[in-house]
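Each position in the sequence shown, counted from 1, maps to that position plus 43 in the working numbering.
For every residue, glycine included, the Cβ atom is placed at its ideal position computed from N, Cα and C.
Predicted, not measured: the structure shown is a model, and the values here were computed from it.
Right, one structure below, let's go through it.
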Amino acid sequence: MLALQLGLVLGGCASLPDQVSKTGSITLANTDDTRLARDVRNDMAAHPAKSGIHPLQNAEDAFAARIVLARRAERSLDLQYYIWRRDTTGELMFEAVWQAAERGVRIRLLLDDANTSGLDPTLAALNAHANIEVRLFNPFANRGFRVGDFALDFSRLNRRMHNKSFTADNQVSIVGGRNIGDEYFGANMEIGFQDLDVLVVGPVVQQVSDQFDLFWNSPSAYPASSLLPRSRPGATEMLRQSWEKVHSDPQAQRYVEAVRRTPLLGELDQHSVGFEWTSARVLHDDPAKVLEPTDRSDLQMLPQLLAQMGQPKLEVDLVSPYFVPGRRGTDDLVKLAQSGVKVRVLTNSLAATDVAPVHAGYAKYRKELLEGGVTIYELKPGIGVAGPDRDADWDIDAARRGPPGSGGSQGSSAASLHAKTFAVDRERIFVGSFNLDPRSSRLNTEMGVVIDSPVLAGQLHQMFETRTPQDAYHVQLTPDGNGMEWVESGPHGATRHTFEPGASPLKLLYLDLLEALPIEWML
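And the structure:
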């Protein structure tokens with residue numbers, strides 16, 4: 044208690060700088076002569092005004108694509124993330140960014156400050172490079188005791204930049220649900236998130252860059268130099284030593300070898316990546332959303348998203364790891380279902396989720412959704428689900444598969460769903476950072492891309508038809524309609540659970556307590 048009180052006092056003494064020296068910058072436009080531009084020039088000429096879309100479902104593919112873009116960039120890298128870990132993949136990505144800067148590439152790295160604890164020396168060292176600028180979004184003033192800041196400035200610090208984008212030379216971008224860290228790229232055998240990104244080229248890349256510029260130049264993006272101590276002498280050597288340590292680690296070596304073997308790496312090297320050429324639009328919140336009242340719908344992405352996806356006529360397939368529909372969302376989904384639209388939801392089960400309060404927020408609406416005709420699946424723990432592979436079906440196993448002994452993403456003891464994607468009428472699909480919960484809707488900033496793609500939307504439909512019933516619990520009403528049951532399909536038929544799988548009496552009591560708390564607006 045004394046330590047907490049002291050921290051609150053110190054937190055009260057800390058404040059963000061009033062005068063910040065910040066030079067505005069925008070995306071470099073003169074990149075049509077770069078290698079990445081030449082790689083896609085012929086395909087773009089053959090598909091005027093269309094964007095090329097390639098899904099990144101496999102975890103190693105997603106990492107390989109980012110590393111290749113960092114290594115091939117000649118003019119610029121614009122990177123925007125909610126989380127960047129100092130683990131195997133995070134360090135390898137930092138190294139690739141540094142090497143690009145050494146080649147003369149301009150680096151702009153924009154990180155949300157919520158998850159940078161312990162990263163300050165690394166970020167200061169990177170920021171000291173002449174070609175790297177780091178900015179922290181909605182930062183903490185007290186770098187050493189963030190709890191004090193959070194307690195005294197909760198309204199502001201509770202709102203975060205959840206956007207994820209990776210753009211090289213303003214020619215190629217990656218947008219989706221993955222942060223930078225081992226659990227997102229199949230390098231952590233203890234915990235793994237099954238996720239989905241898209242690799243995009245063409246006109247949609249400029250839209251990704253425009254949203255990056257908006258956030259980079261916003262009042263909430265603070266130069267790291269205004270917040271962090273100066274980089275110490277020897278900081279560059281510290282970075283190199285940390286990278287050498289990663290390269291000498293046997294588990295990291297096995298992971299790097301798994302990445303080298305991924306088919307996408309060869310496709311990127313041979314310029315033979317299969318793109319679907321279609322129309323796509325980037326949607327995003329306004330960065331001012333973190334500073335304004337939560338009812339400012341003009342700053343929110345959700346109204347845009349609903350308009351762009353269109354009014355469903357036949358079906359809606361929703362994949363959201365953190366699913367808290369709330370009163371209005373529940374009413375809207377039930378209304379759709381009762382109008383004859385097939386509404387299917389895939390979210391994490393209690394045993395698979397990594398955020399129990401979110402599950403509690405969802406559970407209070409579950410029975411009402413079922414009574415209204417909504418179909419609900421809850422992912423079993425340790426099962427991989429993310430998105431479409433390079434073939435014509437949605438391969439649920441691909442994200443946890445790897446060469447024998449490779450150390451790649453072959454499953455983890457705590458794998459759970461992290462992809463955020465949904466499709467309407469097998470015509471349009473959204474891929475991005477937006478969860479179907481109050482936090483994404485009203486508190487955090489989000490982004491994603493709406494794609495006119497009967498191919499990808501159809502594959503999501505097919506996933507629900509074929510693999511989801513095998514790899515998820517089908518939540519249903521009991522025959523008498525008074526309760527719920529979790530139907531688990533197996534090789535010997537269906538098993539019906541009358542209690543929520545993975546729920547001990549103590550955990551159920553904990554969930555009941557969470558449901559009673561007035562915290563849904565934060566979930």
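As the crow flies, the alpha-carbon of glutamate 310 is around 15 Å from that of alanine 301.
Following the DSSP letters along the chain, one finds glycine 224 in no alpha helix (DSSP H), marked with neither H nor E. Every unbroken stretch of the beta strand (DSSP E) spanning 3 or more residues and falling wholly within the segment 62-141 is given here in chain order: 94-99, 119-124. The DSSP-derived three-state label of arginine 469 is coil. Contact check for arginine 471 and glycine 353: beta-carbon distance about 7 Å, within the 8 Å limit, so the pair qualifies. Judged by their CB atoms, serine 459 and alanine 515 are not nearer to each other than the 8 Å cut-off. Secondary structure of aspartate 480 (DSSP, three-state): coil.
In the DSSP assignment, alanine 194 falls within the alpha helix (DSSP H) that extends over 189-195.
In the displayed model, tyrosine 420 falls within a strand according to three-state DSSP. Listed in chain order, the non-local C-beta contacts of leucine 79 below 8 Å within the same chain comprise Leu112, Arg115, Ala116, Glu117, Ala211, Asp212, Gln214, Val215, local neighbours out to five positions each way being set aside. The distance from the Cβ of leucine 179 to that of isoleucine 217 is about 21 Å, inconsistent with a contact at the 8 Å cut-off. The C-beta separation of isoleucine 223 from methionine 281 comes to about 19 Å, leaving the pair out of contact by the 8 Å criterion.
In the DSSP assignment, threonine 165 falls within the unbroken alpha helix (DSSP H) covering 163-170. For lysine 207, no pairing in a beta bridge is given by DSSP.
The closest CA to that of arginine 129, considering only Trp286, His461, Asp61, Leu334, is found on Trp286. Under the three-state reduction of DSSP, aspartate 328 is assigned to coil, being neither helix nor strand. The beta carbon of alanine 230 sits closer than 6 Å to the beta carbons of Thr131, Thr132, Tyr298 from its chain, once the five residues preceding and following it are set aside; these are given in chain order.
According to the DSSP assignment, tyrosine 365 belongs to no beta strand (DSSP E), since it is labelled neither H nor E. Taking 8 Å as the upper bound for CB-CB distance, tyrosine 420 and leucine 389 are in contact here, some 5 Å apart. With a contact defined as Cβ atoms closer than 8 Å, serine 532 and proline 512 qualify at about 5 Å.
Here the alpha carbon of histidine 314 sits roughly 42 Å from the alpha carbon of arginine 275. The alpha-carbon separation between proline 182 and threonine 321 amounts to approximately 38 Å. Residue Arg199 holds the alpha-carbon nearest to the alpha-carbon of proline 336 among Val316, Pro400, Arg199.
Inter-segment contact for the segment 143-154 and the segment 346-366 is absent: fewer than three beta-carbon pairs are separated by less than 8 Å. If you look at phenylalanine 180, you'll find it in the beta strand (DSSP E) that goes 175-180.
Linking serine 269 to serine 119 through their CA atoms gives a straight-line distance of about 23 Å. Aspartate 75 is classed as exposed because its beta carbon has fewer than 16 other beta carbons within 10 Å across all chains shown. Taken atom to atom, the span from the alpha-carbon of leucine 342 to that of leucine 257 is near 13 Å.
With fewer than 16 other Cβ atoms inside 10 Å of its own Cβ, threonine 521 counts as exposed. For the options Phe236, Asp82, Leu361, Asn170, the alpha carbon positioned closest to that of valine 398 is the one of Phe236. Sorting His327, Val362, Ala380, Leu560 by C-alpha distance to the C-alpha of histidine 504 places Val362 at the top.
Excluding five sequence positions before and after aspartate 121, the CB atoms of its chain that fall closer than 6 Å to its own CB belong to Arg151, Thr210, Phe255, given in chain order.
Distances from the alpha-carbon of proline 364 to those of Ala264, Val467, Phe477, His540 put Phe477 closest.
In the structure shown, the three-state DSSP call for leucine 152 is strand. Counting along the chain, aspartate 495 sits inside the beta strand (DSSP E) bounded by residues 490-495. Between the beta-carbon of tyrosine 125 and that of arginine 186 there is about 19 Å, and that puts the pair past the 8 Å contact cut.
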